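Protein chains in written order, with the numbering used here: chain P, -1 to 273; chain Y, 762 to 1961.
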């Protein structure tokens, strides 16, 4: 039987084959070819799209280039969501590769945050980790880390160094055995058809009567619609890293093994494809 | 930590034990008596029964308590009849002891008590100092007393031979009465306390047992040891007043409480005088209120005063046994007991629960808080009405079956007694041998005992109970006397026992009735049996009831489920816990289920591993990878793999002379190598005369990383094949221990990555151990034993496995056993990592805490001078007056540190008497001058003397090892098997640290630790053992001779007899290793011997052939591969001691091989190749055999 560590590896090395095409409205000197890339599910768009930018800049005049942003079937893609979440939320159940349109003009200020450099992504990533640790350990672990340890986490993600990242991240995943888990589970539930960005509330991994909470328990409390009642047609898929874990999966285990590098468990609730 | 027991007595005199891994009190079922008090050691428990006799319960062990009796038969030659038993009048007795002074006919040997039995009849010893004698066992000499030889010479006028007979202590795990002394003691005992086992290791299992009689006298039991668990006699130790209670610690502390409330302390207790010499008096903690109870440990004294206040004595140790002052502690207790590791238990006066003192450490001996042990007793979990019904029906039987004419059931009688007296049951036994007990503890203050107690008032019945018969016999006698009036078959004694033990199982599973709160011998049994349900129960309890004839029908109402036990006495002397122990005694059942669910979440190899949700995740993830990645492998990766560099500042032991530590920059550059393996280069940047230079090593060439932690520097050594040849590794030192382990873990992962080695060691792995106890493992390739060009030994890659061992043995089924420095046996869990390997370099689910203890020795040296005798003033040329064994290094008591920061002191310095050569009473060894060979007595020619001091230190680490309690081992061997052999149970043999030969039963792939030990009798202690592939077992005895065990087979795993094989001339063997057919031994002078002439029909072989010298250890593999640890191997840069060496040229027709190939070292102490059953590729016949893939990789070696 495979080891739980293999899950960490599988999660980390998840890749989405992506086809980047330039928005036809962009002014180019010659026709831009599509660019194909394997995007790490756990990373962020600005971190992994240097090559994309370089590729399209070759056919463009510098004066026509503003801040780069991405769009999928009309939806601007939020760079501060992990790539896997964007894919699961908007493009799961579609044919691969994932077709992303690249824009260099008309930045949708109302939908997207500006991202002038990767240091902004780093700041966002680190603040997520800190937020997660405040939920898990009252920030004790992350505060005990040194600056270089924080850097190691970020560098690990940025350079796709699994060992480097996990050498540090495992400290964030520890908890006293007698507690049975983290203080609260850092999670976010995303829906496609909602104005709310995501659901995030306090939720403990263990019930007051000492039973381990499951994914089902979480959804029942946070998003009961996502669950299929008896005799009902299944309406929603609950996706984490592109897979549908069983609802009886213990939440603590999920948080330890299926969290993104930002230490949040990102759960996407998407409608079941109609076909 | 081995499982051990806490003992307690409840107010009804029932004895319970609580296991350190248990969660309920287990009733001591074979008690047919109530007890007043118990006192426990690890190997046994003593108690005062309510018949005022002393009882001993020796815990069953796989090692029998066995005593060798011997006597000598002496004969003199006369010209007429040759040798005959007619001796000269001036001669010794015809049957005598070894000295000839003591008359010892065989008939004079009697069993010491009914607890012993003879193992067999007398037989002749045919072994003289390792040499076999003639068949009759005679040894010859010119005259008595003289040196005896095994050969008869022309001038041999006398001869003698030794007869041996073994007796065995048989009453294990039952309460056996200590026979009362001929000179009957004037009055019965009221208190008892054992301890003193830390005073001396000799004789083995020595205990001090102190007792107090009702008249306040103090008695000491002489002669208790492993071979004489009962001791020999009571000796009175007159106290200065009337003593009411006494406490003896594991060390040399003995305190007692006087009737007036003062305390007395025994002084002068030592190895030579365990009884001590005098008493000193200590005031009661509180001037108004006298002390009533005292409890001592190694360095602590606790007391209770009459107002139930608890006191802790400051400043107590063996130099100052009286301590310096009292501190009042929180809590009100009726008694206190100090157990092992100075841990403290007490019984609260409020609720009569047993409390454990939490947070007692060597630095904080008074602990932090009291915590109640609130767990149920067995049979107390639930209260079913069914059992009550069965009792009623039993009662019906009873009422019709009253048979004993003199028994009167009188339930009212006891109401006259004040409630406080019920704790001691003999109050109600006005039998001829009993007397009214005046409890000396505060039982009169005991608050809430209900007076409803079943009573037995028959004198004749009582006299039966308290008669001198053994308890077991008592019930047997009564039962057999009772007519079998019931329709059910009345089981006999043996069956009844079986049934009652069955009932234990049922009770824990299904819950039994509430415990009866008071009972005597047979009632006890009846009630146990009531606990079971069904027909069996009915038949048993009815029969025993009929034999007892007294029974209270109302008893099941008296204590409901909620009623917690009321304790009267607790003893932790056998309970090995410390402040770190994980105990389940305080957690309720809710928490335990919680705990389990947590474990199932965080550990991977648990039943939850197979849970559907987990399977689903694994399946979906691999499905996802397939879906999202398989068709798109040609896409570019978004993030290019780059070089990852880790840098640090280190010190480096520079290569050129003068060698010294110099500051360097240390860097590891990692990158993705060929075939996806990560690779790297290690750089050491240094300055050489202002010039910047660097040294580098390719990670894929590093063969081993060895931590060399010492007391001053955190260093480790990096070897490559080249550096191994030079015997000169790259040695670097990190600033802190943490940094060193960081680097080691990183480099180690990096080395494994570059070689594609992951996960657990394979079954074929070669294991080795350094002198520091670090464990290394190497994956052999089939080319390792290839002919004619094997892989050079210095190219073997070794990786470290967590844990700390002195010895490791394995076989090709993947069964691996280890033995620690403290002789603890460990079995490999199949995991990897642990220790400083964390996270991804370590498995998670099978790593456990491992501890080890060893002694550090220093020597005190003195020189004699004519004026003052021996002084610590030496000659200017002399060694340090405090030194190491060599005398070259100064080692003072205060200046000597533990071997490395991993070790911490756990004892104080103490004189070590167990030095080879013997010592005098103060531990001194004498010699003419330093350095010399020392002897244990002073002669006229001796001008110097020395003595050894020892101090124990302890290491705690983690590793893939699980303890196999309880017998400490000194050697172990596992049957080496061929690669494809399928063996159900694997023979494992071992030697206990006392030299007993043991055979492990039940060792299989699924249960590598086996189940139990089978003791194999020997006439002398053994020190080494090895089992070959054909189950041939060889051992080496303490006298240096070898033994071959005959008829060992799967059906007869222990074989039937030993064949004595003399050692090579004038050599004492110390270790043996047996492969497929080869037998090799190493002697004490470092010679390696091969056994010639071993054939299937003559497995003992014919003679020893010398192979090599400078050998420390040998390991022969399942294919007769020969590997050794060699002393003194010369490298190009340096000499190394303790080097792994491989014998080249070993072939079926040439088992002795040709030459040595040198591998990793020095500093190695142990190697085992007994798991490597990989057949080497046969290069000479390439067409007939398929070369293995690894062999194909090996470049063809160039001919020399």
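Heads up, the beta-carbon is just placed ideally off N, CA and C, and yes, glycines get one too. Here the structure is a predicted model, which is why all the values come from computation and not from measurement.
Subject >> Boundaries (first-last residue) of the beta strand (DSSP E) holding residue 1711 of chain Y >> reply: The sequence position of residue 1711 of chain Y within the second chain is 950, counting from 1. Counting along the chain, residue 1711 of chain Y sits inside the beta strand (DSSP E) bounded by residues 1705 to 1720.
Original post:
If you drop the 5 nearest sequence neighbours on each side, which residues of the same chain put their C-beta closer than 7 Å to that of residue 802 of chain Y?
Top reply: The residue given as residue 802 of chain Y occupies position 41 in the second chain. Taking residue 802 of chain Y as the centre and dropping the five residues before and after it, the same chain places the C-beta of 955, 958, 968, 1334 and 1335 closer than 7 Å to its C-beta, in chain order.
**OP:** At 8 Å on the CB atoms, spell out the chain P contacts of residue 1405 of chain Y, in chain order.
**Re:** Mapped onto the second chain, residue 1405 of chain Y falls at position 644. Result: 157, 159 and 162.
Subject >> Residues within the segment 18 to 49 of chain P neighbouring chain Y, beta-carbon criterion of under 9 Å >> reply: 33, 34, 35, 36, 37, 38, 39, 41, 45, 46, 47, 48 and 49
Original post:
Exposed or buried, which one is residue 1634 of chain Y when buried takes at least 16 other CB atoms within 10 Å?
Top reply: To locate residue 1634 of chain Y, count along the second chain from 1; it is residue 873. Exposed, by the Cβ-count rule.
Original post:
When Cβ atoms are compared, which residues of the segment 231 to 261 of chain P fall closer than 7 Å to chain Y?
Top reply: Correct list: 240, 241, 242, 243, 244, 246, 247, 248, 250 and 251.
**OP:** Put residue 1078 of chain Y into one of helix, strand or coil per three-state DSSP.
**Re:** The residue you call residue 1078 of chain Y lines up with position 317 of the second chain. Coil at residue 1078 of chain Y, not helix or strand.
Subject >> Beta-carbon proximity list for residue 1585 of chain Y, same chain, < 7 Å, skipping 5 on both sides >> reply: Position 824 of the second chain holds residue 1585 of chain Y. Counting only Cβ-Cβ distances below 7 Å, and skipping sequence neighbours, we find 1724 and 1729.
Original post:
Between residue 14 of chain P and chain Y, is there a C-beta pair that is closer than 8 Å?
Top reply: In the first chain, residue 14 of chain P corresponds to position 16, counting from 1. True, the Cβ-Cβ gap to chain Y drops below 8 Å.
Original post:
So, are the CB atoms of residue 1521 of chain Y and residue 1447 of chain Y less than 8 Å apart?
Top reply: Reading the second chain from its first residue, position 760 is the one you call residue 1521 of chain Y. Reading the second chain from its first residue, position 686 is the one you call residue 1447 of chain Y. With respect to residue 1447 of chain Y, residue 1521 of chain Y sits apart: the two C-beta atoms are not nearer than 8 Å.
Original post:
Taking 8 Å as the CB-CB cut-off, is residue 94 of chain P touching chain Y?
Top reply: Taking the first residue of the first chain as 1, we reach residue 94 of chain P at position 96. With respect to chain Y, the C-beta atom of residue 94 of chain P has a partner C-beta closer than 8 Å.
**OP:** Tell me residue 1595 of chain Y's beta-bridge partners as DSSP assigns them.
**Re:** To locate residue 1595 of chain Y, count along the second chain from 1; it is residue 834. Y/1598, per the DSSP bridge assignment.
**OP:** Spell out whether any CB of chain P is found under 8 Å from the CB atom of residue 1530 of chain Y.
**Re:** Locating residue 1530 of chain Y in the second chain gives position 769, counting from the first residue. Interface residue (Cβ-Cβ distance to chain P less than 8 Å): residue 1530 of chain Y is not classified as such.
Subject >> 8 Å Cβ cutoff, residue 1107 of chain Y in contact with chain P >> reply: Here residue 1107 of chain Y corresponds to residue number 346 of the second chain, with the count starting at 1. By this cut-off, residue 1107 of chain Y is not an interface position.
**OP:** Going by DSSP, name the residue or residues bridged to residue 1687 of chain Y.
**Re:** Translated into positions along the second chain, residue 1687 of chain Y becomes position 926. For residue 1687 of chain Y, which the question treats as bridged, DSSP gives the partners Y/1696 and Y/1706.
Original post:
Going by C-alpha distance, which of Y/1474, Y/1901, Y/1804 and Y/1536 is nearest residue 891 of chain Y?
Top reply: Residue mapping note: residue 891 of chain Y aligns to position 130 of the second chain, counting from 1. Of the candidates Y/1474, Y/1901, Y/1804 and Y/1536, the one whose C-alpha sits nearest the C-alpha of residue 891 of chain Y is Y/1804.
Original post:
Could one say the Cβ of residue 5 of chain P lies closer than 8 Å to chain Y's Cβ atoms, at least one of them?
Top reply: For the purposes of this step, residue 5 of chain P is taken as residue 7 along the first chain, with counting starting at 1. Closer than 8 Å to some Cβ of chain Y, the Cβ of residue 5 of chain P qualifies, so yes.
Original post:
Does residue 1386 of chain Y come within less than 8 Å of chain P when only Cβ atoms are used?
Top reply: Locating residue 1386 of chain Y in the second chain gives position 625, counting from the first residue. Yes - at least one Cβ of chain P is within 8 Å of the one on residue 1386 of chain Y.
Original post:
For residue 1547 of chain Y, which three-state DSSP category applies?
Top reply: On the second chain, residue 1547 of chain Y is found 786 positions in, with the first residue counted as 1. Of the three classes helix, strand and coil, the one that applies to residue 1547 of chain Y here is coil, per DSSP.
Original post:
Who are the neighbours of residue 109 of chain P on chain Y, taking C-beta pairs under 7 Å?
Top reply: As a position in the first chain, residue 109 of chain P is number 111, starting the count at 1. Those do not exist, as residue 109 of chain P stays about 23 Å from chain Y at its closest Cβ, beyond 7 Å.
Subject >> For residue 956 of chain Y, the residue or residues it bridges with in DSSP >> reply: Reading the second chain from its first residue, position 195 is the one you call residue 956 of chain Y. For residue 956 of chain Y, which the question treats as bridged, DSSP gives the partners Y/969.
Subject >> residue 1678 of chain Y burial status per 10 Å Cβ neighbour count (16 or more: buried) >> reply: Taking the second chain and counting its residues from 1, the one referred to as residue 1678 of chain Y is at position 917. Counting Cβ neighbours within 10 Å, residue 1678 of chain Y comes out exposed, since fewer than 16 surround it.
**OP:** Tell whether a beta-carbon distance below 8 Å holds between residue 1899 of chain Y and residue 1914 of chain Y.
**Re:** Within the second chain, numbered from 1, the residue matching residue 1899 of chain Y stands at position 1138. Within the second chain, numbered from 1, the residue matching residue 1914 of chain Y stands at position 1153. No, Cβ-Cβ distance for residue 1899 of chain Y and residue 1914 of chain Y is not below 8 Å.
Original post:
Between which two residues does the alpha helix (DSSP H) harbouring residue 7 of chain P extend?
Top reply: Position 9 of the first chain, counted from the start, is the residue given in the question as residue 7 of chain P. Residues 2 to 10.
**OP:** Please go through the segment 48 to 116 of chain P and give each complete alpha helix (DSSP H) segment of 4 or more residues, from N-terminal end onward.
**Re:** 48 to 55 and 81 to 89
**OP:** Output the boundary residues of the beta strand (DSSP E) element that contains residue 843 of chain Y.
**Re:** For this step, residue 843 of chain Y is matched to residue 82 along the second chain. That run of the beta strand (DSSP E) goes 843 to 845.
Original post:
Would you call residue 1507 of chain Y buried or exposed, if buried means 16 or more other Cβ atoms sit within 10 Å of its Cβ?
Top reply: As a first step, residue 1507 of chain Y must be located in the second chain, where it is residue number 746. Buried: at least 16 other Cβ atoms inside 10 Å.
Original post:
If you run the structure through DSSP and keep just helix, strand and coil, what is residue 1511 of chain Y?
Top reply: Numbered from its first residue, the second chain carries residue 1511 of chain Y at position 750. The answer is helix: DSSP assigns residue 1511 of chain Y an H, G or I state.
Subject >> residue 46 of chain P to residue 1400 of chain Y span [Cα, whole Å] >> reply: Residue mapping note: residue 46 of chain P aligns to position 48 of the first chain, counting from 1. Residue mapping note: residue 1400 of chain Y aligns to position 639 of the second chain, counting from 1. In a straight line, the C-alpha of residue 46 of chain P is about 6 Å away from that of residue 1400 of chain Y.
**OP:** Spatial neighbours of residue 274 of chain P within its chain, please: CB distance less than 6 Å, with the 5 preceding and 5 following residues excluded, ordered by chain position.
**Re:** Since the first and last residues shown for chain P are -1 and 273, residue 274 of chain P lies out of range.
Subject >> Beta-carbon neighbours of residue 215 of chain P, restricted to chain Y and to distances below 7 Å >> reply: Taking the first residue of the first chain as 1, we reach residue 215 of chain P at position 217. None at all; the shortest Cβ gap to chain Y is about 13 Å.
Subject >> Within chain P, the residues that residue 745 of chain Y reaches when beta carbons sit closer than 9 Å >> reply: Nothing in the structure corresponds to residue 745 of chain Y, since chain Y is present only between 762 and 1961.
Original post:
Okay, do the segment 810 to 819 of chain Y and the segment 787 to 801 of chain Y touch, 3+ Cβ pairs below 8 Å being the bar?
Top reply: yes
**OP:** Measure from the alpha carbon of residue 1817 of chain Y to the alpha carbon of each residue in Y/1823, Y/1808 and Y/1477, then state which is nearest.
**Re:** If you number the second chain from 1, residue 1817 of chain Y lands on position 1056. Of the candidates Y/1823, Y/1808 and Y/1477, the one whose C-alpha sits nearest the C-alpha of residue 1817 of chain Y is Y/1808.
Original post:
Between residue 1412 of chain Y and residue 1658 of chain Y, what straight-line distance do the alpha-carbon atoms span, to the nearest angstrom?
Top reply: Looking up residue 1412 of chain Y in the second chain gives position 651. Looking up residue 1658 of chain Y in the second chain gives position 897. Whole-angstrom Cα-Cα distance: 23 Å.
**OP:** Using the DSSP secondary-structure output, state which residues sit across from residue 1786 of chain Y in a beta bridge.
**Re:** Stepping through the second chain from its first residue, residue 1786 of chain Y is reached at position 1025. In DSSP, residue 1786 of chain Y forms a bridge with Y/1796.
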